[in-house]
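The structure under discussion appears below in the form of structure tokens.
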DNA sequence: GCAAGGTC
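In UniProt numbering, the protein residues as written are 1 to 870.
This is how it looks when you write it as structure tokens:
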């Protein structure tokens, strides 16, 4: 039996393998650098089995929009709410996936050992899918564990369960929503604000469904601080010296905001100077030991240890995978009854720092203080083995976790609190003292402070003269609930620092929050995100369907989006105000339209809609909306309109051929015509177009056709024939063969002339355009140039780079009549069919046997068309 | 060029 185990990360794989194999696992390299293979023998279902333990590195796949939605300029952002999504293996994970596929093929059982949390379940589902695709007979099982110790791992092994599909689906729903919401709002915000504010050109104004509510929270604090008006207040303190001890009695009234009133009372107190003890009470007081440790609490303690919340979790994660502590992501603060805490306390006995305390706990009996929360998945964070060998920050975090663990198992600290109240001039003052009788858990938990504060002996009803009274003026201070470094750190994190193009202006953050508030769009409200979290739990419980949750959430955010889009001007004004800039431009803003509305064709490479745009220099450009992934585009001469895509050509860039025409009236009539052109890279397209537009042709066309033909109409034939019939072009230029000036199709002089040195066309002469190779890289075989003609005519000379075999240059147009026309690809053309309908009705044409469509009408050169082979 | 969540 061969068993494949997959953990969430290499570290975990290594340690789980070590536990299952008693340290005997062999470590081998696999296709993925970071994900090693650990091989060992162990028992499975009562039999000795071969084990391979390997890992992934978190998620392998990521949701993405299909290529046709990737262009910001031709996808309306709200289309992303409904756009299809694809889940792709990310680039970094290709080898990780390969590793799983390879292993799956030689194993019959898959055990998933990803972390036992939400994301872990989803990662487990990814692992399962990849492995099952490679080997559909795999038996898939899931190991459940909260810690990587011998017992836990073996217990998990003995109690394998199925993967929890519902949890995986909940994560999937979150992923989908995060992407849809993030992408649509990010595009709307970025495009609009870039248009409005010159300082934001090229900047990304990102929006995240988690990030934005946090921004809202920060902005709220920020405002409270900004709007805070300090207020003066006055208070009175009474001091009394007794037995060398100075005791400060504080005013029960605490403070007054009226100086006159406070001063009047102070005067009376100073004048009287006599105090009477009106209340004297001494009662036992205890300081409770802490609750068992949960994640949030651990994060809160980070600062105390000089770490950030992120750092402390990273370290805890490491301590977990190395088996020092239990799983650090838990919302539980109750130790389950089934968990035997004794061995863990015993392990701490060996630690010189708190070994004695651990021993004391064992003697007194383990008595955990329990909270009320449980996530029913993981116990509170606790140490698993002794960790006195650790160093650095790991040691610090481990020590905290161990001390916390021992603290919550020990006993509360005990003491006596004495309260003494005085009356002076009818005002009440009080002081408190503390006498600690048993430090209890504080012995092992120095992170809590509870200090003795002694109070001298006073008697009830006793009267004495106060030493002095102080009149203190003070001011209220801003509600700095978040410290300044916190605030800046948070802002920085929110307005993402990872990209140079990202804005980091606090005023923009405030502006965004204010703008949505102004439109009553509750995006900055945490309730929106917590509503999603609740829905995710419902998916996990089976109370709600994944798709229903996604639909409902998408609809809610779509409403918010619509409202913002409909009120963009107001939205911009609020942000302008916050940023302190008068709006610097009033350029009209238009959101991208649905490409389907404007598309003239589908991109043959990526199937995105292709749209026609006029660029500032007046050129008309047909470009793929799949930009920038797909860069298929090309320029049409003024007014050109693509009317149909015929087929893809076979050039290396995957260019394709279009049939297009000119709008009658929108261009000079001589341009009317129809031809096929490759809309691949710019150069190739330009060549195509130049070949086709010739004034001489046009003039002849017009004479023949008797006036400008109406677009895709009767004028077409002319286009096809222009090469042959062109005899008297006025073009002249250098070069030329045999004295006659030869022009390239782009109307520039063609250069004579090079002889092919090798290949199938060895010894044949050809012309190239004088622009060659920069702009126009068409060329023309010399023996095909019509005497005295403009040279490279409308015939579609093959681009130089095509590698079509030219073994048989084939007969030119005259061969058509012979009925033995050869396609350039060397095959005999099928001859001859007559067009049954359409504008070319009645015309005979040839087809290449390789192609299913019309190659060329019989009156023109077949060969050139075939340079665009299928 | 979009998010957030894993992880190296």
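All residues carry an ideal CB built from backbone N, CA and C; glycine is no exception.
All values reported here derive from a predicted model rather than from experimental measurement.
Between residue 238 and the rest of its own chain, which residues show a CB-CB distance below 6 Å, the 5 nearest in sequence each way excluded? The beta carbon of residue 238 lies closer than 6 Å to those of 249, 429, 466, 469 in the same chain, with the five residues before and after it left out.
Is the beta carbon of residue 594 closer than 8 Å to that of residue 79? yes
Based on Cα-Cα distance, which residue from 8, 152, 241, 356 lies nearest to residue 454? Selected option, being the one with the closest Cα: 241.
Residue 411: which of 523, 440, 405, 396 sits nearest, CA to CA? 440
As assigned by DSSP and simplified to three states, the class of residue 318: helix
Use the C-beta contact count for residue 516: other C-beta atoms within 10 angstroms, 16 or more gives buried, fewer gives exposed. buried
If we ignore side chains and look at the alpha-carbon of each, how far apart do residue 174 and residue 82 end up? 15 Å
Relative to the C-alpha of residue 21, which residue among 42, 301, 313, 253 is closest? 42
With the cut-off set at 8 Å, would you say residue 326 and residue 378 are in Cβ contact? Residue 326 is a Cβ neighbour of residue 378, given a cutoff of 8 Å.
My assumption, with CB atoms under 8 Å, is that residue 111 sits in contact with residue 160. Please give the rounded CB distance. 6 Å
Quick check on this structure: which residue in 40, 54, 55 has the alpha carbon closest to the alpha carbon of residue 48? 40
With distances taken between CB atoms, is the gap from residue 290 to residue 407 smaller than 8 Å? yes
Please report the Cβ distance between residue 170 and residue 539, rounded to the nearest whole angstrom; I am assuming they are in contact, meaning their Cβ atoms lie under 8 Å. Rounded, the Cβ-Cβ distance is 4 Å, consistent with contact.
Would DSSP call residue 444 helix, strand or coil? Assigned with DSSP and collapsed to three states, residue 444 falls in coil, not helix or strand.
Do you know how far the Cα of residue 558 is from the Cα of residue 288? Spanning the alpha carbons of residue 288 and residue 558 requires a straight line of approximately 49 Å.
Just to confirm my understanding: we take residue 328, look at its own chain, exclude 5 residues before and 5 after, and list those with CB closer than 8 Å. What are they? 295, 298, 313, 316, 317, 319, 320, 381
First and last residue of the beta strand (DSSP E) that includes residue 188? No beta strand (DSSP E) contains residue 188, which is instead part of the alpha helix (DSSP H) from 165 to 196.
Three or more beta-carbon pairs under 8 Å between the segment 123 to 140 and the segment 189 to 203, yes or no? The answer is no - the segment 189 to 203 does not touch the segment 123 to 140, with fewer than three Cβ pairs under 8 Å.
Coarse secondary structure for residue 40, derived from DSSP in three states: strand
For the alpha helix (DSSP H) holding residue 551, just list the boundary residues, first then last. 546 to 566
Quick check on residue 787: buried or exposed, where buried means 16 or more other Cβ atoms within 10 Å of its Cβ? Only weak support is given to the placement of residue 787: the predicted model assigns it a pLDDT of 43, under 50, and the value that follows is read from those uncertain coordinates. Residue 787 comes out exposed.
As assigned by DSSP and simplified to three states, the class of residue 157: helix
Is the Cβ-Cβ distance between residue 34 and residue 57 less than 8 Å? yes
Three or more C-beta pairs closer than 8 Å, one from the segment 382 to 391 and one from the segment 342 to 360: is that the case here? yes
Where does residue 50 fall in DSSP's three states? strand
For the structure I just gave you, are there three or more beta carbon pairs, one from the segment 210 to 227 and one from the segment 434 to 451, closer than 8 Å? no
What's the call for residue 70, buried or exposed, on a 16-neighbour Cβ count within 10 Å? buried
Considering only their Cβ atoms, is the gap separating residue 54 from residue 103 smaller than 8 Å? Their beta carbons are under 8 Å apart, which means residue 103 touches residue 54 by this criterion.
DSSP three-state assignment for residue 63, whether helix, strand or coil: strand
Nearest candidate by alpha-carbon position, reference residue 877, set 567, 146, 568, 546: With the chain covering 1 to 870 only, the question about residue 877 has no answer from this structure.
Leaving out the 5 sequence neighbours to the left and right, which residues in its chain are closer than 7 Å to residue 375 when beta-carbon positions are compared? Exclusion of the five residues before and after residue 375 leaves 330, 331, 332 as the residues of its chain whose Cβ lies within less than 7 Å of its Cβ.
Give me the Cα-Cα distance between residue 142 and residue 114, rounded to the nearest whole angstrom. Looking at the two C-alpha atoms, the distance is approximately 8 Å.
Going straight from the alpha carbon of residue 311 to that of residue 398, what length do you get? 13 Å
If you draw a straight line from the C-alpha of residue 417 to the C-alpha of residue 526, how long is it? For the pair residue 417 and residue 526, the Cα-to-Cα distance works out to about 42 Å.
Residue 176 to residue 213, Cα distance in whole Å? 18 Å
Would residue 158 be called buried (16 or more neighbouring beta carbons within 10 Å of its own) or exposed? Exposed, since its Cβ has fewer than 16 Cβ neighbours within 10 Å.
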